[in-house]
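2 protein chains.
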Amino acid sequence: MRTPHATIEAAPTSRATGTSAPSTAGPSTGKGAPGVASEPASTGVRTRSQHQRRKRIVQAAAALASRGGVEAMQMRTVAERAGVALGTLYRYFPSKMDLVVAVVGEEIDLLENSIERRPPSAVTPSGRAVDVLMRATRGLMREPELADALIRSLIMAEVETPFGDRMAGLLLRVAGDGLTAETATEEQFALTGSLSSVWVHELLEMLRGRRTHEQVQRRVEIAAARLLADFTATPSA
Amino acid sequence: MRTPHATIEAAPTSRATGTSAPSTAGPSTGKGAPGVASEPASTGVRTRSQHQRRKRIVQAAAALASRGGVEAMQMRTVAERAGVALGTLYRYFPSKMDLVVAVVGEEIDLLENSIERRPPSAVTPSGRAVDVLMRATRGLMREPELADALIRSLIMAEVETPFGDRMAGLLLRVAGDGLTAETATEEQFALTGSLSSVWVHELLEMLRGRRTHEQVQRRVEIAAARLLADFTATPSA
DNA sequence: ACAATTAATAGAATCTGTTCTACTTTTCGA
DNA sequence: TCGAAAAGTAGAACAGATTCTATTAATTGT
Numbered sequence: 006m007r008t009p010h011a012t013i014e015a016a017p018t019s020r021a022t023g024t025s026a027p028s029t030a031g032p033s034t035g036k037g038a039p040g041v042a043s044e045p046a047s048t049g050v051r052t053r054s055q056h057q058r059r060k061r062i063v064q065a066a067a068a069l070a071s072r073g074g075v076e077a078m079q080m081r082t083v084a085e086r087a088g089v090a091l092g093t094l095y096r097y098f099p100s101k102m103d104l105v106v107a108v109v110g111e112e113i114d115l116l117e118n119s120i121e122r123r124p125p126s127a128v129t130p131s132g133r134a135v136d137v138l139m140r141a142t143r144g145l146m147r148e149p150e151l152a153d154a155l156i157r158s159l160i161m162a163e164v165e166t167p168f169g170d171r172m173a174g175l176l177l178r179v180a181g182d183g184l185t186a187e188t189a190t191e192e193q194f195a196l197t198g199s200l201s202s203v204w205v206h207e208l209l210e211m212l213r214g215r216r217t218h219e220q221v222q223r224r225v226e227i228a229a230a231r232l233l234a235d236f237t238a239t240p241s242a
Numbered sequence: 006m007r008t009p010h011a012t013i014e015a016a017p018t019s020r021a022t023g024t025s026a027p028s029t030a031g032p033s034t035g036k037g038a039p040g041v042a043s044e045p046a047s048t049g050v051r052t053r054s055q056h057q058r059r060k061r062i063v064q065a066a067a068a069l070a071s072r073g074g075v076e077a078m079q080m081r082t083v084a085e086r087a088g089v090a091l092g093t094l095y096r097y098f099p100s101k102m103d104l105v106v107a108v109v110g111e112e113i114d115l116l117e118n119s120i121e122r123r124p125p126s127a128v129t130p131s132g133r134a135v136d137v138l139m140r141a142t143r144g145l146m147r148e149p150e151l152a153d154a155l156i157r158s159l160i161m162a163e164v165e166t167p168f169g170d171r172m173a174g175l176l177l178r179v180a181g182d183g184l185t186a187e188t189a190t191e192e193q194f195a196l197t198g199s200l201s202s203v204w205v206h207e208l209l210e211m212l213r214g215r216r217t218h219e220q221v222q223r224r225v226e227i228a229a230a231r232l233l234a235d236f237t238a239t240p241s242a
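Taken in sequence, the protein lines are chains A and B.
Per the working numbering: the first sequence = residues 6 to 242.
Per the working numbering: the second sequence = residues 6 to 242.
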């Protein structure tokens, strides 16, 4: 029943109610319904104007969310601000969540760049991890409304969300000296993943006004100290 | 503005559109939460019929959610099933989330009872904690739709949600021998809290179909082993 | 018992995410 | 260059949560 139009995005969220069709979902019967057009890879690229449109949309969305939060980020408003039709917005982002995920993506990019520019300097793995996490915290808390909206939505996302995994991967890199998703043991992966989820939880509590910045730091430190103790030393197994 | 009717519940959720009202949500101390310094203090107690109405509502909600998930748990339907008017439902539960929170409360009660009846027998704190968490996992996964709906909504909740805290308290009790929120150190509290958030995250991943029961168990064990090592001040555990 | 206050009810109305329709403009291959 | 398919557009339509209105029971103080 769910007929997600013909998506432009590669990995739409689309609530998995029923059939979570792989990417290019079956188009509706009403319209042209061209055989799913194999892969948009034909032209492979988005037109420049499409890139721009997309950018404008994400920008508008972020702008709106950075004030009023998700509530202020209404699809109609976003479309209007971005200068596209509601239908177009939905073609680019099949659901509000997809839009949120896109906005989050930008934020994480920012963090990764920051880390690349100025890598954490602490000597212990947990020290470096805490450094990165608190840096991310500060970055996100600069726009609390946005952060709130983003984190929440991400946790809610039904499908593959780049957030947790990207964060865990990031921690893996900074904590384990040069570790990557490939060279890490399952346990190491689990550990950074756990730390990541602790951090997300603390962030949420902070956004709820139930934690101060200091408390978050303390708790993250406590968890990191234990989770990442002898991180690069004992492959255990 | 925002005239939340005259709520019957003590801690309504009410999205904080604009200026988050003082949100007298601060009870948390167990159920009952008398007074709260509000107007409902007049009669103090709810009539029997009100208890019943409330019960019917929560029941209907749980029943609906245990099938179709939150989606099937529509306010109109709940009201109808419970035999109350939509307005009445909203008087008892100012938002859908409040209703969800109530349903969750019942689930946690169940778990607590289960633990009381059959306390975890493992010898290490982390062993006992894992026991409890996996028991909770099995309980929740018995009704995946419900679990999904509940967990998600709780994480989304804007305000004070009994979930994380209650879970952390529970872990505190089973891990630290007879510890309570009062006798525990801040660090111990932080640690059980962290373990709780790791568990919630794994549960979510499981609901998303990205983890098997075994994987969850393994990851929870890994995290618990580190977080709760020497939990009761006994190095080398 | 009786007026005033509070709780409930039915149902309309509002708000916002999402879908649908009918049409116009772009893009692009032949 | 021509024309079909894709992409865009405007705006109506639909759905479900939440709010509002008018009216009818209950409850309670005196």
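Even for Gly, the Cβ is constructed at its ideal location relative to N, Cα and C.
Interface residues of chain B facing residue i [CB-CB closer than 9 angstroms]
i	result
Ile113 (chain A)	Within chain B, no residue comes near Ile113 (chain A); the closest Cβ sits about 18 angstroms away, beyond 9 angstroms.
Exposed unless 16 or more other CB atoms sit within 10 angstroms - verdict on residue i
i	result
Ala15 (chain A)	Confidence is the limiting factor: at Ala15 (chain A) the pLDDT is only 43, short of 50, which leaves the residue's position unreliable and the question unanswerable from this model.
Glu111 (chain B)	exposed
Gln193 (chain A)	buried
His218 (chain A)	exposed
Val1 (chain B)	Residue 1 (chain B) falls outside the range modelled here, since chain B spans only 6 to 242, and no answer is possible.
His56 (chain A)	exposed
Gly214 (chain B)	exposed
Arg231 (chain B)	buried
Leu115 (chain B)	exposed
Leu235 (chain B)	Reading the sequence as shown, one finds Asp at residue 235 (chain B) and not Leu. By the 10 Å Cβ count, Asp235 (chain B) comes out exposed.
Leu233 (chain B)	buried
Other residues of its chain near residue i: CB distance less than 8 angstroms, five sequence neighbours each side excluded
i	result
Arg178 (chain B)	Leu184, Thr185
Thr93 (chain B)	Arg58, Ala84
Ser71 (chain A)	Glu148, Glu150, Leu151
Arg224 (chain B)	Val203, Glu207, Arg216
Leu69 (chain B)	Ala77, Met78, Gln79, Thr82, Val83, Arg86
Ile120 (chain A)	Val137, Arg140, Leu175, Val179
Leu91 (chain A)	Met80, Arg81, Ala84
Neighbourhood of residue i by C-beta, 7 angstroms cutoff - its chain only, sequence neighbours within 5 removed
i	result
Val89 (chain A)	Arg58, Ile62
Ala229 (chain B)	Ser131, Ala134, Val135, Leu200
Lys101 (chain B)	Met80
Thr142 (chain B)	Leu208, Val221
Pro125 (chain A)	Arg133, Asp136, Val137, Val179
Ala189 (chain B)	Leu177, Gly181
Ala127 (chain A)	Arg133, Asp136
Arg216 (chain A)	Glu207, Glu210
Thr237 (chain A)	Pro130, Gly181, Asp182
Contacts that residue i makes with chain B (C-beta to C-beta distance below 8 angstroms)
i	result
Ala234 (chain A)	Arg231
Leu196 (chain A)	Ile227, Ala228, Arg231
Glu192 (chain A)	Ile227
Contact list for residue i against chain A, beta-carbon separation under 8 angstroms
i	result
Arg171 (chain B)	Simply none; closest approach about 15 angstroms.
Ile160 (chain B)	Arg157, Ile160, Met161, Leu209
Arg246 (chain B)	Lying outside 6 to 242, the shown extent of chain B, residue 246 (chain B) is not represented and no answer is given.
Contact set between residue i and chain B, taken where Cβ atoms lie within less than 7 angstroms
i	result
Val203 (chain A)	Ser199, Ser202, Val203
Proximal residues to residue i (C-beta, below 6 angstroms), its chain only, five neighbours per side dropped
i	result
Leu145 (chain A)	Ala152
Ala65 (chain A)	Val83, Arg86, Ala87
Thr197 (chain A)	Ala173, Leu176, Leu177
Leu203 (chain A)	The identity of residue 203 (chain A) in the sequence shown is Val, whereas the question assumes Leu. Same-chain partners within the cutoff: Ala228.
Neighbour list for residue i in chain A, Cβ cutoff strictly below 9 angstroms
i	result
Glu206 (chain B)	Just to set this straight, residue 206 (chain B) is His in the shown sequence, not Glu. In chain order: Ile160, Gly169, Gly198, Ser199, Ser201, Ser202, Val203, Val205, His206.
| request: Could you pull out every unbroken alpha helix (DSSP H) segment of at least 4 residues lying fully inside the stretch 70 to 124 of chain B, listed in chain order? | output: 74 to 77, 80 to 87, 91 to 97, 101 to 122
>> Runs of 4 residues minimum, wholly inside the stretch 175 to 240 of chain B: which ones carry the alpha helix (DSSP H) assignment?
In response: 191 to 212, 218 to 232
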